[in-house]
Amino acid sequence: MGDTVDRTQAKWIAAAIVAVAGVSANVIRATEAGERGPLRLRDASIAESESTYVDETLDADFEETLRAREVLYRTYAPESDAPVWVFLAYFDQQREGSQVHSPRHCYPGAGWSIEDEIEMEAGWRDGTVPGLVVSNGVERRLVCYWYQLPSGITADVFHLKLALTRQAVLRRPQDVVYGNVSTPIDGDMTAAYARVAPYVGAAESQVYRLYREQNERR
588 MGDTVDRTQA KWIAAAIVAV AGVSANVIRA TEAGERGPLR LRDASIAESE STYVDETLDA
648 DFEETLRARE VLYRTYAPES DAPVWVFLAY FDQQREGSQV HSPRHCYPGA GWSIEDEIEM
708 EAGWRDGTVP GLVVSNGVER RLVCYWYQLP SGITADVFHL KLALTRQAVL RRPQDVVYGN
768 VSTPIDGDMT AAYARVAPYV GAAESQVYRL YREQNERR
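Quick note on the working numbering: the sequence shown kicks off at 588 and runs consecutively.
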């Protein structure tokens, strides 16, 4: 995949989550929690072989639009025909000016049609992983996504809003990490999910670890 595809990938991923920074702004504005400090997403060890990825660079305009405190965006197995893209964005406080969006609404706006919505067994924990099968007319991809708070994981935007609003009312941190792991579909959905599943499980585990370490540093 070329740099243009990588930049486009990042931008339509971010379209699904840029508004997380503004959840329930009227409540949160009056009840902001104290400084949390960095999460250190760059310390995440997601693949067994750390030599198999490249860190992607986001352009300044995109980062300004995203308004995340930290971003991790990597391409694993970048030279293969079936790379895996891992995108994590950490928001340590919520800001006004936007609303939480679902990837179901944002991918079509970026030129990708949604062919199917699926749920797959997580395997490494109870529950399922939501996924989208998307296509831009040239390529099909399997996209797994989730929102991760220190207290748990959800893929439901409504539940996310409720959780963040509750944290705001209680004057607690409104931390959230958006996770997105995707890979091309070469005709075999089972193979595509088998490819992304280890990265999703490892990313979830690493985010929890980073949350714990962040709390210990406070």
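The beta-carbon is built from N, C-alpha and C at its ideal position, and this holds for glycine as well.
Could you give the distance in angstroms between the alpha-carbon of residue i and the alpha-carbon of residue j?
i: residue 677; j: residue 649; result: 15 Å
i: residue 657; j: residue 695; result: 26 Å
i: residue 629; j: residue 766; result: 14 Å
i: residue 804; j: residue 738; result: 18 Å
i: residue 744; j: residue 641; result: 30 Å
i: residue 697; j: residue 729; result: 16 Å
i: residue 741; j: residue 734; result: 5 Å
i: residue 643; j: residue 663; result: 10 Å
i: residue 699; j: residue 768; result: 16 Å
Would you kindly report the start and end of the unbroken beta strand (DSSP E) that includes residue i?
i: residue 722; result: 715–722
i: residue 735; result: 727–736
i: residue 741; result: 739–741
i: residue 704; result: 700–708
i: residue 771; result: 763–771
Run through DSSP, which three-state label would residue i get?
i: residue 617; result: For residue 617, the pLDDT reaches just 40, beneath the cut-off of 50, and the residue's location in the model is therefore unreliable, although a value from the coordinates is still provided. Of the three classes helix, strand and coil, the one that applies to residue 617 here is coil, per DSSP.
i: residue 645; result: coil
i: residue 656; result: coil
i: residue 626; result: coil
i: residue 680; result: coil
From this set, the options, which residue's C-alpha is nearest residue i's C-alpha?
i: residue 772; options: 706, 802, 785, 719; result: 719
i: residue 674; options: 791, 759, 755; result: 791
i: residue 665; options: 639, 709, 731, 625; result: 639
i: residue 732; options: 770, 798, 627, 749; result: 770
i: residue 704; options: 721, 753, 777, 653; result: 721
i: residue 789; options: 623, 634, 627; result: 634
i: residue 784; options: 706, 667, 680; result: 706
i: residue 689; options: 709, 660, 748, 632; result: 748
i: residue 679; options: 754, 631, 714; result: 754
Specify, as a first and last residue, the run of the alpha helix (DSSP H) that residue i falls within.
i: residue 797; result: 776–804
i: residue 695; result: 690–696
i: residue 752; result: 744–756
Assuming residue i and residue j make a contact with CB atoms under 8 Å, what is their CB distance in whole Å?
i: residue 763; j: residue 751; result: 7 Å
i: residue 626; j: residue 761; result: About 13 Å; that fails the 8 Å criterion.
i: residue 833; j: residue 786; result: No information on residue 833 is available, as it lies outside the stretch 588 to 805 that the chain covers here.
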